[in-house]
Amino acid sequence: MTTLPGRPNTALLIIDVQKGVVDEAYGRGSVVANIASLVEKARVEGTPVVWVQHSDEELQKGSEAWEYVPELVRREAEPLVHKSYGDSFEGTDLEDILARAGVGRLVVAGAETDACIRSTIHGAFTRGYDVTLVGDAHTAGDKSAWGAPPVEAVIAHTNLYWQFQDAPGRTAAVTRAEDISFTG
1 MTTLPGRPNT ALLIIDVQKG VVDEAYGRGS VVANIASLVE KARVEGTPVV WVQHSDEELQ
61 KGSEAWEYVP ELVRREAEPL VHKSYGDSFE GTDLEDILAR AGVGRLVVAG AETDACIRST
121 IHGAFTRGYD VTLVGDAHTA GDKSAWGAPP VEAVIAHTNL YWQFQDAPGR TAAVTRAEDI
181 SFTG
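As structure tokens, this is what we get:
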């Protein structure tokens with residue numbers, strides 16, 4: 001029930017599943033496998049898949065670390081959004097891509113939970129999108145050396161609070177990859 005008029009469609013948004021971001025991330029293998037299954041399900045159901053790729057001083061565009069993991073292959077026709085901020089909407093053409101496709105609902109997966117995932121789900125929600133976070137398809141690296149909780153706690157906390165996110169005319173949800181439906 002998005003607040004964006006005339007935008008009944010859903011898109012799968014894959015955020016920053018790049019070698020330098022997830023290679024040592026918590027549960028990397030299962031998270032990437034869940035994302036791969038979501039991509040295939042979206043393609044079969046005719047749901048747009050939108051890829052987001054981060055670059056900054058530490059993640060140089062064109063470097064090996066900047067590349068998507070080999071298990072996930074973007075099709076040429078699938079949009080690729082280049083970003084340099086946490087929120088995938090900031091300074092990008094993501095909103096234009098979604099508007100052209102009539103998208104008002106996002107299913108979100110990727111990395112990192114405590115940075116770009118949180119920024120993007122909040123950014124999407126405040127812009128009027130319904131946002132489903134795939135609870136077993138997002139991850140992060142260990143930042144406990146800087147005072148952050150263990151990654152599994154970061155993921156659990158994000159899943160917990162997002163399922164209770166609320167605002168007029170929008171919905172937020174957390175769903176497991178195997179239970180995702182792009183048509184409902």
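Residue 181 in full-length UniProt numbering sits at position 181 of the sequence shown, and the numbers go up by one each step. Ideal Cβ placement from N, Cα and C applies to all residues, glycine included. Owing to the predicted nature of the structure, the values given are computational and were not obtained by experimental measurement.
Next on the checklist: Just list the residues that DSSP pairs R105 with in beta bridges.
Outcome noted: Sequence index remark: in the sequence shown, residue 105 carries index 105 (1-based). DSSP, once it has assigned bridges, lists T10, D130 as partnering R105.
Next on the checklist: Buried or exposed for A145, going by 16 or more other Cβ atoms inside 10 Å?
Outcome noted: In the sequence shown, the residue the question calls residue 145 occupies position 145. It counts as exposed.
Next on the checklist: Pop quiz: A137 and N34 are said to be a contact at Cβ under 8 Å. What is the actual Cβ separation, rounded to whole angstroms?
Outcome noted: Taking the sequence shown and counting its residues from 1, one reaches residue 137 at position 137. Taking the sequence shown and counting its residues from 1, one reaches residue 34 at position 34. With 8 Å as the limit, A137 and N34 qualify as a contact, their Cβ atoms being about 4 Å apart.
Checklist entry - Quick one, which of D96, A156, T113, E40 has its alpha-carbon nearest R127's? => result Within the sequence shown, the letter at position 127 stands for residue 127. It is D96 whose Cα lies nearest to the Cα of R127.
Next on the checklist: Between T139, A153, F182, G102, which has its C-alpha nearest T132's C-alpha?
Outcome noted: The count along the sequence shown starts at 1 and reaches residue 132 at position 132. Selected option, being the one with the closest Cα: F182.
Item to check | First through last residue of the beta strand (DSSP E) which encompasses W51 | outcome: Counting from one through the sequence shown, the residue named residue 51 turns up at place 51. Unbroken beta strand (DSSP E) run through W51: 49-54.
Checklist entry - Going straight from the alpha carbon of R7 to that of M1, what length do you get? => result Here residue 7 refers to the residue found at position 7 of the sequence shown. Here residue 1 refers to the residue found at position 1 of the sequence shown. The straight-line gap from Cα to Cα measures roughly 10 Å.
Item to check | Alpha-carbon to alpha-carbon, A167 and S37 | outcome: Here residue 37 refers to the residue found at position 37 of the sequence shown. Here residue 167 refers to the residue found at position 167 of the sequence shown. Near 30 Å, if we compare the C-alpha coordinates of A167 and S37.
Checklist entry - Can you name the residues that DSSP bridges to Q18? => result Start at 1 with the first residue of the sequence shown, and residue 18 comes out as number 18. DSSP output for Q18 lists Y68 as bridge partner(s).
Checklist entry - Got a sec? Which residues, its chain only, sit under 7 Å from T175 by beta carbon, not counting five neighbours each side? => result Here residue 175 refers to the residue found at position 175 of the sequence shown. Within the same chain, T132, V134, G135 come within 7 Å of T175 by CB-CB distance, once the 5 residues on both sides are set aside.
Checklist entry - Beta carbon of G110, beta carbon of L59: below 8 Å? => result Within the sequence shown, residue 110 is the residue found at index 110, counting from 1. Within the sequence shown, residue 59 is the residue found at index 59, counting from 1. No.
Checklist entry - Along the chain, where does the beta strand (DSSP E) that runs through T175 open and close? => result The residue you call residue 175 lines up with position 175 of the sequence shown. It spans 172-175 - the beta strand (DSSP E) in which T175 sits, taken as one unbroken run.
Checklist entry - Looking at the structure shown, is G123 part of a helix, part of a strand, or coil, going by DSSP? => result Counting from 1 along the sequence shown, the entry for residue 123 is found at position 123. If DSSP states are grouped into helix, strand and coil, G123 belongs with the helices.
Checklist entry - What first and last residue would you give for the alpha helix (DSSP H) that runs through K41? => result As a working note, residue 41 is residue 41 in the sequence shown. K41 -> alpha helix (DSSP H) spans 28-45.
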